[in-house]
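The sequence shown: position 493 = 1314 (my numbering), numbered continuously.
Heads up, the beta-carbon is just placed ideally off N, CA and C, and yes, glycines get one too.
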Amino acid sequence: MEAGGGPGPGPAAAPGNNNNRGRGGAAAPNRGRDMARPPRKDSEGYSESPDLEFEYADTDKWAAELSELYSYTEGPEFLLNRKCFEEDFRIHMPERRWPELERAQHRTHAMRLLDGLEVTARERRLRVARAILYVAQGTFGECSSEAEVQAWMRYNIFLLLEVGTFNALVELLNMEIDNSAACSSAVRKPAISLADSTDLRVLLNIMYLIVETVRQEAEGDKPEWKSMRQTFRAELGAPLYNNEPFSVMLFGMVTKFCSGHAPHFPMKKVLLLLWKTVLCTLGGFEELQSMKAEKREILGLPPLPEDSIQVIRNMRAASPPASASDLIEQQQKRGRREHKALIKQDNLDAFNERDPYKADDSREEEEENDDDNSLEGETFPLERDEVMPPPTQHPPSERITCPKGLPWAPKVREKDIEMFLESSRSKFIGYTLGSDTNTVVGLPRPIHESIRTLKLVSPSRDSHSPFPSPCSQHSSGGVFLSHLPHSSAPWWEQPEVLIPSLLSQAVQAPSLGGCIPSFFLSRGHDPPSPSCSISVLDYPYCVVHELPELTAESLEAGDNNQFCWRNLFSCINLLRILNKLTKWKHSRTMMLVVFKSAPILKRALKVKQAMLQLYVLKLLKVQTKYLGRQWRKSNMKTMSAIYQKVRHRLNDDWAYGNDLDARPWDFQAEECALRASIERFNARRYDRAHGNPEFVPVDNCLQSVLGQRVELPEDFQVNYDLWLEREVFSRPISWEELLQ
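Dropping the structure here:
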């Protein structure tokens, strides 16, 4: 490559080139980063399947996120974008190549393309937009490898950002959103095709590439790129677009699509761009954790005891069910041990003396009823075979080792302390004090110690959250999952619907209540499929290599990845949403029970990933008290896993159903009361037409207040001189204090 300010070829110029979303493919040798640990033997002697090498993060690697933008039906448009660019480029730069130009020439041509977006002819404007998209895609026609394409992508995108391309695209996007003719035409059509969203898709593709590329730092970034990144983040979150942040415009597209007024909007791309915009402006999990720590320090609260994501990353996944051959071998070993015990009566007597479960046949009942138990390979010390030591002496390395401690620090709610004190006062004194958690007069000393212990492990009891509600700034913040298209395919095989599930965590739980039954009714009962992607069609592989003949064999050859990153990421996010919906909401917990979620959740435990299993176990924990004694008796290994992996809450009687707030007959009244409260809040905050004037936000801007025309009452106008003399002229003014 000649000198021209370009990035230069080579793997070092394209960080993240060897990352993949678990897609595989015979023609993609460097795309399999999702490797697994070698199998190991457990205490029973059979092999355990390896843990999935999945690291939960805000997003996948940059190279993998690029390929997520395009659907496979958009493949022919890559060449169309190149054609639009080259036709214009030959006119102004005949017999020249993009890599051969100097940086000043790159900038001049980028500004020329930007001027072409201002033409009135829609067809001409679309061709210029496609040419800009080709530049953002790395001018792949001049590249010979994926690394080279990705290196030119970073260079070209920062070039486009420098000349002001993003702001021009926002204006065009706003114009397309308000295109009533296109909306009316799409509403009348019985089916929507790719042609109906062409202009929007091109604009959204460019904007997504800019946001995602600028957002992620990489080795070798130029110093000026770092300053541009900070400026871009600030502008993206500022009210510069119609006096609102850019994310509000995208939320408006979501609500317009959900209402049925714009069915031609490409929602996958809108949600992807919205997701990355939120991450770019607000930050991810690490930024959230640092913001929490900072706010707690300002408010005088104790520091956070733990980072949930870091704790989960150090957890080990539970073992999946053993294979058929392992089960047969295990049964044969158990049969040989029982046969030896029957030979000598002394051994049988010793077994009966040591076995605390000799009159209980729950083990056989468990193996009969819990045929899909996902924790079959775990070793729990309460099993019968572990209680009775084997006749042979094992070396110390093969002994069962118990965990040194639980992964989570216990917690106690303020309400739990209040209930404990109320019951203690009622028992020992005979009166109650309401929400008073400090008065312990007349209570025995052990109760004092218990209260001290409960307060020691209780979380901070600040009455307000340091962070504003995402929906409190604009009424279009609520995204209703029930309006998204449903499918009969399993829920983990619909990435287009579930990709933005991280965003859904920021949406208020009541607006998502309809997703609980739809999740369990229409998402299937099977664990995630290993892969649902075609590696040879991913970008940029598909534009720098000659594609093989697309047959079933060529598409599946070499696909040896354990899982698809996107699918597993979406599954975990959806489980986190369900946990947020049901936490401390017994009415919604009852929906999990009514729709028989326990068998579905237990099948999800077959996926050997610690974070996914944790949130499945949390969902099982909240409904355990409603599933009955027989279910608990038949699923003791699942119960043990809940004890081992889920946080403990003191005074939490989750396994036996003694909580007075868990009465199932009150769930309808609770849900109706919650819905009424939400409707009152929304009417007071957002319904300007019928809202109470006393709750209208106060305008504190001096210029706007003085610029308003106020109708004064007649008696005030008559007595205006007296009021002026009494309230203005007769009052001394301290100008020093006023200036301060």
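Checklist entry - Going by alpha carbons, who is nearest to L1440 out of N1456, V1428, S1418 and Q1430? => result The count along the sequence shown starts at 1 and reaches residue 1440 at position 619. Minimum Cα distance to L1440 is reached at S1418.
Checklist entry - Who are the Cβ neighbours of S1246 in its own chain at under 6 Å, not counting the five residues just before and after it? => result Taking the first residue of the sequence shown as position 1, residue 1246 is located at position 425. In the sequence as presented, Ser is not what sits at residue 1246; that position holds Arg. Cβ neighbours of R1246 beyond the five flanking positions: T1253.
Next on the checklist: On a Cα-Cα basis, can you pick out the residue from D1237, K1454, I953 and P1228 that is closest to P1126?
Outcome noted: What you label residue 1126 is simply residue 305 of the sequence shown in a count that begins at 1. The residue with the shortest Cα to Cα distance from P1126 is P1228.
Next on the checklist: Looking only at its chain, what residues have a beta carbon closer than 6 Å to the beta carbon of S906, apart from the 5 residues adjacent to it on each side?
Outcome noted: The residue you call residue 906 lines up with position 85 of the sequence shown. According to the sequence shown, residue 906 is Phe rather than Ser. Excluding residues within five positions, the ones whose Cβ falls inside 6 Å are A952 and Y955.
Item to check | CA nearest to the CA of L1071, picked from L994, R943, E963 and P1265 | outcome: As a position in the sequence shown, residue 1071 is number 250, starting the count at 1. For L1071, the nearest C-alpha among the options comes from L994.
Checklist entry - Taking the Cβ atom as the reference point for each residue, do D1020 and L947 lie within a distance shorter than 8 Å? => result Numbered from 1 along the sequence shown, position 199 holds the residue referred to as residue 1020. Numbered from 1 along the sequence shown, position 126 holds the residue referred to as residue 947. The Cβ atoms of D1020 and L947 sit closer than 8 Å to each other.
Checklist entry - By a C-beta neighbour count over all protein chains shown, 10 Å radius and 16 as the cutoff for buried, is A1143 buried or exposed? => result Stepping through the sequence shown from its first residue, residue 1143 is reached at position 322. In this prediction, A1143 scores a pLDDT of 49, lower than 50, which makes its location untrustworthy; no coordinate-derived value is stated.
Checklist entry - What did DSSP end up calling R917 once you bin it into helix, strand or coil? => result Here residue 917 corresponds to residue number 96 of the sequence shown, with the count starting at 1. The answer is coil: DSSP assigns R917 none of H, G, I, E or B.
Checklist entry - Quick one, which of S1140, F1067 and W883 has its alpha-carbon nearest A1039's? => result As a position in the sequence shown, residue 1039 is number 218, starting the count at 1. Among S1140, F1067 and W883, the Cα nearest to that of A1039 is on W883.
Item to check | Beta-carbon contacts of V1233 that lie in its chain and below 6 Å, excluding the five residues immediately before and after | outcome: Numbered from 1 along the sequence shown, position 412 holds the residue referred to as residue 1233. Same-chain partners within the cutoff: L1275, V1278, S1279 and L1471.
Checklist entry - Whose C-beta lies closer than 8 Å to the C-beta of Q1153 among residues of the same chain, with five residues either side of it excluded? => result Working through the sequence shown from its first residue, we reach residue 1153 at position 332. None.
Checklist entry - Touch check for the segment 1075-1091 and the segment 1049-1064: three-plus C-beta pairs under 8 Å? => result no
Next on the checklist: Tell me the DSSP secondary structure of D1176 in three-state form.
Outcome noted: Translated into the one-based positions of the sequence shown, residue 1176 becomes position 355. Note that D1176 scores 38 on pLDDT, short of 50, meaning its location in the model is unreliable; the coordinates nonetheless yield the value given after this. The answer is coil: DSSP assigns D1176 none of H, G, I, E or B.
Checklist entry - Exposed or buried, what is A1462 when buried is set at 16 or more other beta-carbons lying within 10 Å of its beta-carbon? => result The sequence position of residue 1462 within the sequence shown is 641, counting from 1. When all chains shown are included, A1462 counts as buried.
Item to check | Neighbour-count burial assignment, N1063, 16 or more Cβ in a 10 Å radius | outcome: Position 242 of the sequence shown, counting from 1, holds the residue named residue 1063. By the neighbour-count rule (16 or more Cβ atoms within 10 Å), N1063 is not buried but exposed.
Next on the checklist: Checking the sheet assignment: what are the DSSP bridge partners for R1470?
Outcome noted: Locating residue 1470 in the sequence shown gives position 649, where the first residue counts as 1. Paired residue(s): K1232.
Next on the checklist: Could you tell me the alpha carbon to alpha carbon distance between V1035 and I1499, rounded to whole angstroms?
Outcome noted: Along the sequence shown, one-based indexing puts residue 1035 at 214. Along the sequence shown, one-based indexing puts residue 1499 at 678. If you take the alpha carbons of V1035 and I1499, they lie about 38 Å apart.
Next on the checklist: Alpha carbons only, please: which of L1264, C1493, Y1507 and L887 is nearest the one belonging to R975?
Outcome noted: Position 154 of the sequence shown, counting from 1, holds the residue named residue 975. Closest option to R975, Cα to Cα, is L887.
Next on the checklist: One question on the structure: do Q1444 and T1410 come within less than 8 Å of each other, judged by their Cβ atoms?
Outcome noted: Residue mapping note: residue 1444 aligns to position 623 of the sequence shown, counting from 1. Residue mapping note: residue 1410 aligns to position 589 of the sequence shown, counting from 1. Yes, these two residues count as a Cβ contact at 8 Å.
Next on the checklist: If I follow the unbroken alpha helix (DSSP H) through E983, where does it start and stop?
Outcome noted: As a working mapping, residue 983 is identified with position 162 in the sequence shown. Here the alpha helix (DSSP H) through E983 covers E967 to E983.
Item to check | Where E944 falls, given that 16 or more other Cβ within 10 Å makes a residue buried | outcome: One-based indexing of the sequence shown puts residue 944 at position 123. By the 10 Å Cβ count, E944 comes out exposed.
Checklist entry - Using the rule of at least 16 other Cβ atoms within 10 Å of the residue's Cβ for burial, across every protein chain shown, is P1534 buried or exposed? => result Numbered from its first residue, the sequence shown carries residue 1534 at position 713. Exposed, because fewer than 16 other Cβ atoms sit within 10 Å of the Cβ of P1534.
Checklist entry - From E983, N1400 and I912, pick the residue whose C-alpha is nearest to that of V1467; which is it? => result Looking up residue 1467 in the sequence shown gives position 646. Taking only the C-alpha atoms, the option nearest V1467 is N1400.
Checklist entry - What is the rounded straight-line gap between the Cα of M801 and the Cα of Q958? => result The question about residue 801 has no answer, for the chain in this structure spans 822 to 1561.
Checklist entry - Quick one: what does DSSP say E1565 is sitting in, helix, strand or coil? => result Here the chain covers residues 822 to 1561 and nothing more, so residue 1565 does not appear.
Item to check | Residue range of the alpha helix (DSSP H) that includes N1394 | outcome: On the sequence shown, residue 1394 is found 573 positions in, with the first residue counted as 1. Counting along the chain, the alpha helix (DSSP H) containing N1394 begins and ends at W1386 to T1403.
Checklist entry - Once you ignore the five residues that flank E1239 on each side, which residues in its own chain have a CB closer than 7 Å to its CB? => result Within the sequence shown, the letter at position 418 stands for residue 1239. So the list reads S1256 and T1258, once near-sequence residues are dropped.
Checklist entry - F1416 lies in the alpha helix (DSSP H); which residues open and close that run? => result Within the sequence shown, the letter at position 595 stands for residue 1416. Here F1416 belongs to no alpha helix (DSSP H), and DSSP marks it neither H nor E.
Item to check | Which of helix, strand or coil DSSP assigns to K1427 | outcome: Position 606 of the sequence shown, counting from 1, holds the residue named residue 1427. If DSSP states are grouped into helix, strand and coil, K1427 belongs with coil.
Item to check | Cβ-based burial, E1548 [other Cβ within 10 Å; buried from 16] | outcome: By 1-based counting over the sequence shown, the position of residue 1548 is 727. So E1548 counts as exposed.
Checklist entry - Considering E1270, what are the terminal residues of the alpha helix (DSSP H) in which it resides? => result Within the sequence shown, the letter at position 449 stands for residue 1270. Start and end: R1266 to V1278.
Item to check | Reduced DSSP secondary structure (H/G/I, E/B, other) of Q1037 | outcome: Looking up residue 1037 in the sequence shown gives position 216. The answer is coil: DSSP assigns Q1037 none of H, G, I, E or B.
Item to check | Close-in-space but distant-in-sequence residues of the same chain around N902 (CB under 6 Å, 5 per side omitted) | outcome: Start at 1 with the first residue of the sequence shown, and residue 902 comes out as number 81. So the list reads R951, L954 and Y955, once near-sequence residues are dropped.
Checklist entry - Does the distance from the C-beta atom of R1022 to that of P1087 stay below 8 Å? => result By one-based count along the sequence shown, residue 1022 stands at place 201. By one-based count along the sequence shown, residue 1087 stands at place 266. In contact: R1022 and P1087 (Cβ atoms closer than 8 Å).
Next on the checklist: I'd like to know whether the C-beta atoms of I1031 and L981 end up nearer to each other than 8 Å.
Outcome noted: The residue given as residue 1031 occupies position 210 in the sequence shown. The residue given as residue 981 occupies position 160 in the sequence shown. Yes. Within cutoff.
Checklist entry - When you compare each of P1084, F1416, S966 and V970 to L1015 by their alpha carbons, which one comes out closest? => result The sequence position of residue 1015 within the sequence shown is 194, counting from 1. The residue with the shortest Cα to Cα distance from L1015 is P1084.
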